[in-house]
Amino acid sequence: MRWALVKVCLAVTTMVVVAFAVPLGLVVKEMARDRAFSNAEREAAAVAPALSITTDRDKLERVVASAGADSGMAVHLAAADGRPALDLGRQRAADRDIQAVRKLGRASTTTVTGGSTLLQPVALGSGTIAVVEVYVPESEVTNGVGTAWAVLAAVGLALIVGSVAVADRLGVRMVRPAQRLVRGAHELGEGKLGSRVPEDGPTELRLAAVAFNSMADQVVQLLANERELAADLSHRLRTPLTVLRLNAASLGAGPAAEQTRAAVAQLEREVDTIIRTAREAKPQTAAAGPGTGCDAAGVVRERMEFWSALAEDEGRKWRVAGVERPVRIPVARADLAAALDALLGNVFRHTAEGTAFAVDVHNGEDAVIVLVSDAGPGIPDPDAAMARGRGSGSAGSTGLGLDIVRRLAESTGGDVRIGASVLGGTEVRIWIQLDGRKPVGRGHRGSVRRRRSGKPVPTGLDH
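Every letter in the sequence shown is one number past the one before it in the numbering used here, and letter 9, counting from 1, is 484.
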């Protein structure tokens, strides 16, 4: 593209220079010729008054000499009234040309050796016609023409060189963004997902760069969402794995029981490996659209029926509250179930057998709060637990469970907080916004108050 632009500009500029320089050079040449013959006409006009007054040879010689004998002036008088013909100066024109001018009575030019002559007729008082001949050498006709043509050639060459230089710069300005775009496409095709191109250059290439960067961002986001989906689906396997592990623990001793427990442990390790491999990118979670959602109370009752059987096997006391009436939230049923399974699975996985737990649902004016509490040892560093990929710090933790819960809450404009529960262990509070507005600030002051017994009670939610 760069050399094509240079060639086009070179051809166009050359044609323009030729189109203007050639006619201008011819005009300069014609102007020099007109100037030379204008001078010759002035010299001839200087002799005319003397010829109209006298025809004396001596006087005319003095007039011719004073008018410019060095220029090659000559005067030709025809014979009349018994006076012989008179020729002053050097004659260069042919006799027939002189006779023709005398006969026609108008000036004429003729070509002679070394240049041209101007033949100017002058009427005398006797009625005869005298002819004044002025020699114009070729050097005078072409005086300054060569210099003018050289200047025109230099200017034309400068214009061509300048246009080529400008075209080259423009070509570079156009080619470099295109080269960067090609290089970025190759890098993206090679798997370098961070490859981006500067959004500069001509408008079309700048728009192409913007589209390329947007496409690259979408590719990265799609890959991240796929990895996140794989991680989430893998994490949901933790719930049935927990059931299998607990059931395997009750099988007692024996080769079959040991093989079952070993297989469950191997399966858990494989699931953890899948989660750790797939959780590299941050997903993009969208809020549920109008008309979608589920009954949070119904989902809590359903999941507690599942986990209550395991709780009875391990001697855990449990409690559920706030699920007597339907509680609509803008969250898909499967997502809320996955979040509850992640939190309850953490309770069974990271607390000792016999540790009590509770699930409370509080329905406010513009938000719903789901509290999952336990009587375990608690989480020493809640902020670290909320950081994606850090987990609780215990063996077998991927940290993805709390992130699933956080993304569910943030998809509605809410958030997740970890604190101390009234049971003495950890309390995970899921704040689900009903109208999509962001919470006022940390802690949602004024949204929930506690009785002296420590049990939270929903009130009007201040924002």
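From the three backbone atoms N, C-alpha and C, an ideal C-beta is built for every residue, glycine too.
C-alpha gap between residue i and residue j, whole angstroms
i: residue 844; j: residue 796; result: 12 Å
i: residue 824; j: residue 717; result: 8 Å
i: residue 724; j: residue 809; result: 29 Å
i: residue 757; j: residue 806; result: Confidence at residue 757 is low in this model, with a pLDDT of 45, below 50, so its placement is unreliable and the value that follows should be read with caution. Whole-angstrom Cα-Cα distance: 20 Å.
i: residue 829; j: residue 792; result: 7 Å
i: residue 580; j: residue 615; result: 26 Å
i: residue 674; j: residue 883; result: 36 Å
i: residue 608; j: residue 597; result: 11 Å
i: residue 788; j: residue 857; result: 29 Å
i: residue 890; j: residue 877; result: 11 Å
i: residue 499; j: residue 643; result: 29 Å
i: residue 577; j: residue 627; result: 42 Å
i: residue 603; j: residue 560; result: 11 Å
i: residue 494; j: residue 488; result: 10 Å
i: residue 687; j: residue 647; result: 21 Å
i: residue 729; j: residue 741; result: 18 Å
i: residue 668; j: residue 700; result: 14 Å
i: residue 812; j: residue 773; result: 10 Å
i: residue 497; j: residue 547; result: 33 Å
i: residue 679; j: residue 685; result: 10 Å
i: residue 649; j: residue 683; result: 12 Å
i: residue 705; j: residue 681; result: 36 Å
i: residue 612; j: residue 508; result: 11 Å
i: residue 936; j: residue 841; result: Here residue 936 scores only 32 on pLDDT, less than 50, and its place in the model should not be relied on; the value that follows carries that caveat. Distance between the alpha carbons of residue 936 and residue 841 is about 7 Å.
i: residue 632; j: residue 510; result: 28 Å
i: residue 743; j: residue 672; result: 43 Å
Distance CB(residue i)-CB(residue j) smaller than 7 Å
i: residue 634; j: residue 492; result: yes
i: residue 887; j: residue 905; result: no
i: residue 712; j: residue 739; result: no
i: residue 775; j: residue 834; result: yes
i: residue 880; j: residue 849; result: no
i: residue 592; j: residue 568; result: yes
i: residue 803; j: residue 768; result: yes
i: residue 599; j: residue 563; result: no
i: residue 790; j: residue 826; result: no
i: residue 814; j: residue 898; result: no
i: residue 819; j: residue 782; result: yes
Secondary structure of residue i, DSSP reduced to three states
i: residue 608; result: strand
i: residue 715; result: helix
i: residue 764; result: Note that residue 764 scores 43 on pLDDT, short of 50, meaning its location in the model is unreliable and no value can be drawn from it.
i: residue 563; result: strand
i: residue 590; result: strand
i: residue 722; result: helix
i: residue 800; result: coil
i: residue 486; result: helix
i: residue 894; result: strand
i: residue 552; result: strand
i: residue 583; result: strand
i: residue 670; result: coil
i: residue 865; result: Because the pLDDT of residue 865 is 43, which lies under 50, any placement of that residue in the model is unreliable, and the question is left without a value.
i: residue 915; result: Caution is warranted here: a pLDDT of 44 is assigned to residue 915, below 50, making its placement in the model unreliable, and the coordinate value is therefore given only provisionally. In this structure, residue 915 counts as coil in the three-state DSSP scheme.
i: residue 910; result: coil
i: residue 495; result: helix
i: residue 644; result: helix
i: residue 870; result: Bear in mind that a pLDDT of 46 at residue 870, under 50, signals an unreliable position, so the number given afterwards is only what the model happens to contain. The answer is coil: DSSP assigns residue 870 none of H, G, I, E or B.
i: residue 794; result: strand
i: residue 806; result: coil
i: residue 618; result: coil
i: residue 598; result: strand
i: residue 848; result: strand
i: residue 780; result: helix
i: residue 735; result: helix
i: residue 613; result: helix
i: residue 901; result: strand
i: residue 858; result: helix
i: residue 788; result: helix
i: residue 569; result: coil
Contact belief for residue i with residue j at Cβ below 8 Å, rounded distance in angstroms
i: residue 594; j: residue 573; result: 6 Å
i: residue 715; j: residue 676; result: Actually they are not in contact, since the Cβ atoms of residue 715 and residue 676 sit about 56 Å apart, beyond 8 Å.
i: residue 785; j: residue 721; result: 6 Å
i: residue 550; j: residue 605; result: 6 Å
i: residue 836; j: residue 732; result: With 8 Å as the limit, residue 836 and residue 732 do not qualify as a contact, their Cβ atoms being about 39 Å apart.
i: residue 895; j: residue 853; result: 6 Å
i: residue 860; j: residue 893; result: 6 Å
Proximity test, Cβ basis, 7 Å: residue i and chain D
i: residue 718; result: This model lacks chain D altogether, as it is built from one protein chain only.
Does the region 656–667 come close enough to the region 513–529 that 3 or more CB-CB pairs lie under 8 Å? Note that the region 513–529 does not touch the region 656–667; fewer than 3 beta-carbon pairs, one per stretch, sit closer than 8 Å.
Between the region 576–590 and the region 637–651, are three or more C-beta pairs nearer than 8 Å? They do not touch, by the three-pair rule.
Measuring CB atoms only, is the region 609–623 touching the region 490–507, in the sense that at least three cross pairs come out at less than 8 Å? A contact exists between the region 609–623 and the region 490–507.
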